[in-house]
Amino acid sequence: MMPKAVFWDMDGTLVDSEPLHEAALMAAMRNVGLVPPDDLHERVLGVAAWPVYEMMRDEFGLDLPFDDWIVRKYEHYLPLVEGLKPRPGAIEIFNELRARGIQQAVVSNSDRMIVDANLSMVGLIYPGMKTISRNDVREGKPHAEPFLRAAYLADVDPTH
C-alpha cells in the first residue's frame, strides 16, 4: 500500500546540516565571549533553537535577547551552507515519491530562511513544494501543529 503523503524532517534526515549548526553555534558562542563545552555536540544534537538559547543563557551567561542571538548564529551558519550535503539516498527517495505522485512536505523546526537555504543548496526546491518552518506555526515539533499544517497543505486527512 502506498502512503497518501510523506512528511520529512530536514536537519539530519534530508540534509546533513547538524555539523554546520554545531560549527555555527560554536563560532557564535566564541563571538560573544563564551567557551563551548567539550560535550556541546551531545547537548545540542537535534535540539531546536529556543532550548539551545535557554541553555546558553542559563548555563553560560549569554545576555542577548533570543532574536539577537539567532541572528549571530545565522551569520555564521549561512556561509557554511555552500558545503551542505544531502543525506545518502534521501533526495533520490524524495524524487521517486514525487514521481509517483505522493504528496510530500518538509516539516522543520528551523527558521524559514534556513529551510529555504538548505533545500536550495541540495537542489530540493520546486514550484508548489510544501515546507513548514517554525515561522509558520505557533508550536514547533514535537507538537502536532506543524504536522497538521503539512496535512492541510498536502490535502490529506490526518485522521487516516
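Numbered according to numbering that gives the first Met the number 0, the sequence shown spans residues 0 to 159.
Ideal Cβ placement from N, Cα and C applies to all residues, glycine included.
Of the listed residues the options, nearest to residue i (C-alpha basis)
i	options	result
lysine 84	Ala27, Asp110, Pro2 and Asp10	Asp10
alanine 22	Ala89, Val5 and Asp37	Asp37
glycine 139	Met1, Thr158, Asp8 and Gly32	Asp8
glycine 45	Val155, Pro145 and Asn108	Asn108
tryptophan 68	Val80, Leu79 and Met54	Met54
glutamate 81	Ile92, Arg29 and Ser119	Ser119
proline 35	Glu58, Pro50 and Trp49	Glu58
glutamine 102	Pro78, Gly127 and Ala47	Gly127
Neighbour-count burial assignment, residue i, 16 or more Cβ in a 10 Å radius
i	result
threonine 130	buried
tyrosine 125	exposed
glycine 100	exposed
alanine 143	exposed
leucine 147	exposed
histidine 159	exposed
proline 145	buried
Beta-carbon proximity of residue i to residue j, cut-off 8 Å
i	j	result
arginine 160	valine 14	Nothing can be reported for residue 160, as the shown portion of the chain is limited to 0 through 159.
alanine 150	alanine 4	yes
valine 121	valine 114	no
arginine 242	alanine 27	In the structure as shown, the chain begins at 0 and stops at 159. Residue 242 is therefore absent and cannot be evaluated.
valine 43	leucine 24	yes
tyrosine 73	leucine 19	no
leucine 63	phenylalanine 93	no
Delimiting residues of the alpha helix (DSSP H) encompassing residue i
i	result
valine 106	Here valine 106 belongs to no alpha helix (DSSP H); instead the beta strand (DSSP E) covers 102-106.
valine 51	48-59
alanine 4	Unbroken run through alanine 4 is the beta strand (DSSP E), 4-7; no alpha helix (DSSP H).
histidine 75	65-76
aspartate 115	111-120
glutamate 91	89-98
alanine 153	144-153
asparagine 30	17-30
histidine 40	39-43
Span separating the alpha-carbon of residue i from that of residue j
i	j	result
glycine 88	asparagine 117	16 Å
leucine 39	arginine 133	23 Å
valine 136	leucine 33	31 Å
glutamate 91	asparagine 30	38 Å
proline 50	proline 78	23 Å
threonine 12	tyrosine 52	23 Å
glutamate 41	glutamate 17	11 Å
proline 2	alanine 47	28 Å
alanine 153	phenylalanine 65	32 Å
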